[in-house]
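Following this note's numbering, the numbering of the first sequence begins with 279 at its first residue and continues without gaps.
For each residue, glycine too, the CB sits at the ideal point set by N, CA and C.
All figures in this text were calculated on a predicted structure; none of them were measured in a lab.
Shown next, in structure tokens, is the structure this report addresses.
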Amino acid sequence: MPYDHEAIETRWQAYWEAHETFRADLDPSRPKFYVLDMFPYPSGDGLHVGHAEGYTATDIVARYKRMRGFNVLHPMGWDAFGLPAERYAMKTGTHPAVQMERCAANFRRQCKRLGFSYDWSREINTTDPRYYKWTQWIFLKIWGSWFDPEQNKARPIEELPIPPEVRAKGEKAVRAYQDEHRLAYLTNAPVNWCPELRIVLANEEVAEYVEQGYEVVRKPMTQWMLRITAYAERLLADLDELDWPENLIEMQRNWIGRSEGAEIDFSVDGHDATITVFTTRPDTLYGATYMVLAPEHPLVARITTDDRREEVRAYVDRTLHRTERERQAESAEGVKTGALTGAYAVHPLTGAKIPIWIADYVLMGYGTGAIMAVPAHDERDHAFARTFRLPIVQVVAPADGRAVDIEQEAFCEPGVAVNSPAIEGLPTAQAKAKMIEVLEEKGVGRRRVTYKLRDWLFSRQRYWGEPFPLIHRPDGTVEAVPEEELPVTLPDLDDFSPSETGEPPLAKAKDWVELPDGSRRETNTMPQWAGSCWYYLRYCDPRNDERFVSPEAERYWMPVDLYVGGVEHAVSHLLYSRFWHKVLYDLGYVSTNEPFRRLVNQGMILGATFVPKDRRRRADGKPVQYLPHEVERREGEGGEVRYVVRETGEEVEIQWDKMSKSRGNVVNPDEVVAEYGADTLRVYEMFMGPLEHSAPWQTEGVAGIHRFLGRVYRLFFEETPDGDRLRTLAEGEGTDRQRRLLHRTIADVTERIEKLAFNTAISALMVFVRDIASEAEPLPRMAADAFARLLAPFAPHLAEEIWHALGHADSLAYAPWPEADPAALEAETFPLVVQVAGKRRAEIQAPVDATKEELIELAQKAPEVQRHLQGRTPRRVVVVPKRLVNFVL
RNA sequence: GCCCGGGUGGCGAAAUCGGUAGACGCGGGGGACUUAAAAUCCCCUCCUUCGGGGUGCGGGUUCGACUCCCGCCCCGGGCACCA
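So, in structure tokens, the structure goes:
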């Protein structure tokens, strides 16, 4: 009988399940290895082959490490809060919890069918009250802390020093002071509100809804923020200690966006007010010819003169009604808009009066929300100055003395200061430093570092998320729900939409919101990121009802040794969880500064669609496309491949895209497993190329891997009338050749798994299977035994089948990994490449212990070499031991 | 625009402390087995005017460059009025 993947795989999956083979228990006597997948949102579509790629990679590592004697933690769970379930509920009336449970069950089934060696006893679900109890608990720790800039860490709010003047004002003032300093604080932040649909939209959703004709306005709402900016410096600095992909580290660096410069104070003429600006180019201060405030800047209303008031108000209004996207589109075209306030600022060095404008190219969220405009040396200021015909004064000149036309174009490069009395002639770097000194002396400026990173908007006006464990008292104060009352569970609702005024859906659960003493529960819920911020900690101790994780379990398992997932979480999840982790670290709840030591991003698996050569579109504007089953592959005269639509005969081109439901190019792992088996799917996905690369899904390749596994099967089993049975093996290690091949394979596979170069590890297995045995040299017992173990991480079901047939009673999940014998890796001879004038002319077998002279002598004798030397004497002979000899002419 | 990553056969790729370019697989061609087919097994498969030429392009260093240096081009990703 040929290789029956179905029977083999179901047999071993049942065995693993019955024996709890992959259960991990805390065992301080053994070294641990924590290998983690980014847990999925269990969508209704089920797992797709993209998930399977990352999960297979971690599974290989988990299985390999177990065989190497590590106590491996390899868990899985569900990030199950979130919008799709809530939307689905609004459409169908199915409660999100019910839908979520269905989807999770499907994901679990698929994971098991792929043979992933998760410890299912540790499965978690972020929507389980026993889980989100601790999400709420951690939130309360964050809320209950402040960031001490002196110790550069979070501390309990009780330890916040209260200034005497605050204390003098009484208890309420103290509370207000504390609230201002907490790591979780309330603010009035604008959200994208869609009045018709009564929903709040994420920034990236706005364009889509506006396109559909809905009105979207920026509406201020009371929101919870987390003070992630306090950690900007540490989040940046600690990137250095991580073994993460360089591009991802770079993305986090850019996101945090540290920039060094100075704050400079400008007083407002005729007002008792100061405008503080941030600039990275304090050296250009003398070139500041006007000021610009963000439209939202608190001083705008105060300093605007009566004659300008109407225009300013209109401009502010216009800004509020435009989405981020519209503003971005405009900025991309270099269009600058603004309004004059009528007020003037006093230049801190020259005393000159310069006009104050407002413009939306200045952002309230960055720096101080105000700038000094230096049109000569900043492109944006230049564009603005040209639009409104403002003066442009050059204060930096190119160091090489070349002339620049400052009216035409801003000069933004470093140079030397000109027209700048305090720093005249200094190169830019020194000019900056000197200017800061001057400003500090006069008390009108100081060195300052700013970050692009903003505080984290942490509340959502949704139902399906963690409720905040907070209570609003009638006197306006906010209080934590006592720890012993956690979790605050979600009330049952059947209508999940917000109220007309935009109040979150939870506000409708009157019995839940209103407490007997007149207090009200917080009705926002947490964003989906909350649950994923700390799930890797919960896996260490998932059933603990006393703590979010016991100190013993945390100290033993953490940090995560290998974390694999898509790059789409580069700055969101990976930054947020680092932040939470650092807070927990500061408060003494976890022992590591960073949660994920090594991180790898798997590439995307691309799906095929076929498009007409003219790229025509349908009536509705969508491109015409065909799916693989509608297209036939044809071979042309010269062997070139053509694709033709079956029905019409039209020739089309293949196109590879990210798999998505809307494109219809998704490959369902269930179908692949049904036809070829889980082992084939696993090995194929790993053989496609490097884990980090994106690669197209090619069905022919899957069949090729299935053929390989069939060969493996036949290497071990032969057909008999009574069914398949193990072939007769040669005892021991077989011939020298076989022995060398085996040990070479062990060494290669081991090294390549360590490097996560699974594609090349598999090719080593293929070479072994091709060459190990023949009629004259039957498969040796030792080789068979070792190979089963080498195969196990990749194709665990087939490996178990072989292992069992070889007479082992237990699963090979914990069989020791084979060791390569260094002696067997050394052959007596090696292929010596001989070059003449740098061109390869011959290859001869040479003894490994030959001296340089002997190698030259050997090489010279080769007939090919003689022919190309043509009796000439080489000018030089280069010898590379164990590799080549080159006769230089 | 700025910042990252990457360009190697028809395709996925391998080889980078400089040392046989194209391992392994797909696709393609040929053969064996078979009454036949499927399955399986074996061989060939970068180009070539047979001298040689080839790792995106042009230079350079070197006995020797996919690998190092300089200057370009193209593709992918991220960010984007961040002062």
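Measuring CB to CB, does residue i end up less than 8 Å from residue j?
i: L627; j: A700; result: yes
i: G234; j: D315; result: As shown, the chain starts at 279 and ends at 1167. That puts residue 234 outside it, with no answer to give.
i: A1183; j: L771; result: Missing from the structure shown is residue 1183; the chain here goes from 279 to 1167 and no further.
i: M836; j: S810; result: no
i: E364; j: W858; result: no
i: L1133; j: A1140; result: no
i: V1166; j: V1143; result: no
i: L1007; j: P1056; result: yes
i: W415; j: E832; result: no
i: K631; j: Y639; result: no
i: W290; j: H984; result: no
i: V902; j: R911; result: no
i: V1126; j: E1104; result: yes
On the DSSP letters alone, give me the boundaries of the beta strand (DSSP E) that residue i sits inside.
i: W635; result: K631 to I636
i: A1120; result: K1117 to P1125
i: T465; result: A462 to C472
i: Q501; result: V495 to L504
i: F1165; result: L1162 to V1166
Taking residue i as the reference, which of the options has the closest Cα?
i: A432; options: K712, L461 and Q456; result: L461
i: K497; options: A363, N470, R580 and A515; result: N470
i: T691; options: R680, S698 and P676; result: Correcting the residue type first, residue 691 is Glu in the shown sequence and not Thr. Among R680, S698 and P676, the Cα nearest to that of E691 is on P676.
i: E687; options: A663, G693 and N697; result: A663
i: P560; options: A1101, A848, D839 and H655; result: H655
i: Y564; options: Y409, A1098, L853 and M713; result: M713
i: R941; options: A886, T404, V878 and Q1138; result: A886
i: P441; options: L514, P427, Q456 and E428; result: Q456
i: A383; options: A358, K1160, A292 and K369; result: A358
i: R476; options: S855, R1030, P782 and H971; result: P782
i: G629; options: M882, A566, G866 and K900; result: A566
i: S545; options: R386, H625, E800 and A661; result: H625
i: V747; options: R738, R740, E757 and Q739; result: Sequence check: residue 747 is Pro here, not Val. Minimum Cα distance to P747 is reached at E757.
i: Y342; options: A1077, A1102 and V1155; result: A1077
Using the Cα positions of residue i and residue j, report the straight-line distance between them to the nearest angstrom.
i: T926; j: K891; result: 14 Å
i: R1005; j: R1017; result: 19 Å
i: I649; j: I670; result: 16 Å
i: I684; j: V694; result: 15 Å
i: Q933; j: W812; result: 39 Å
i: V674; j: Y644; result: 25 Å
i: N1164; j: D1026; result: 29 Å
i: A367; j: A1061; result: 57 Å
i: I1040; j: E511; result: 43 Å
i: M354; j: T336; result: 11 Å
i: M964; j: A808; result: 32 Å
i: L513; j: K1033; result: 27 Å
i: L304; j: Y817; result: 12 Å
i: N253; j: T372; result: Because the chain in this structure spans residues 279 to 1167, residue 253 falls outside the shown range and cannot be described.
i: R960; j: T334; result: 6 Å
i: W424; j: F417; result: 13 Å
i: V1158; j: A1137; result: 12 Å
i: V339; j: A292; result: 22 Å
Specify, as a first and last residue, the run of the alpha helix (DSSP H) that residue i falls within.
i: T958; result: A956 to F965
i: V1027; result: D1014 to E1032
i: G1182; result: Outside the displayed span of the chain (279 to 1167) sits residue 1182, for which this structure offers no information.
i: H297; result: H283 to H297
i: H984; result: T977 to F994
Please confirm whether any heavy atom of the ligand NAD lies closer than 7 Å to the CB of residue i.
i: F1036; result: Ligands are entirely absent from the displayed structure, and the ligand NAD is therefore not among its contents.
| Stretch-stretch touch, CB-based, cutoff 8 Å, three pairs: the segment 497-513 with the segment 816-828 | With a cut-off of 8 Å, the segment 816-828 and the segment 497-513 do not count as touching, because too few Cβ pairs lie within range.
| At least three beta-carbon pairs within less than 8 Å, the segment 521-541 to the segment 719-732 | Yes, the segment 521-541 touches the segment 719-732.
| said: Can you confirm whether the segment 984-1004 touches the segment 1079-1089 when touching is taken to mean that 3 or more C-beta pairs between the two stretches lie within less than 8 Å? | reply: With a cut-off of 8 Å on Cβ pairs, the segment 1079-1089 is in contact with the segment 984-1004, counting three or more such pairs.
| request: Would you check if there are 3 or more beta carbon pairs closer than 8 Å linking the segment 440-455 to the segment 831-846? | output: Segments in contact, no.
| field | Touch test, the segment 579-589 against the segment 714-721, Cβ-Cβ under 8 Å, three pairs minimum | value | Not touching, per the Cβ criterion.
| message | Check whether the segment 307-324 and the segment 338-350 are in contact - that is, three or more C-beta pairs closer than 8 Å. | response | Cβ pair count under 8 Å is three or more, so yes.
| said: Does the structure place the segment 391-403 close enough to the segment 950-958 that three or more beta carbon pairs sit under 8 Å? | reply: Three or more beta-carbon pairs drawn from the segment 950-958 and the segment 391-403 are found closer than 8 Å, and the two stretches are therefore classed as touching.
| query | Hey, is the segment 547-554 in contact with the segment 565-580, meaning 3+ C-beta pairs nearer than 8 Å? | reply | A contact exists between the segment 547-554 and the segment 565-580.
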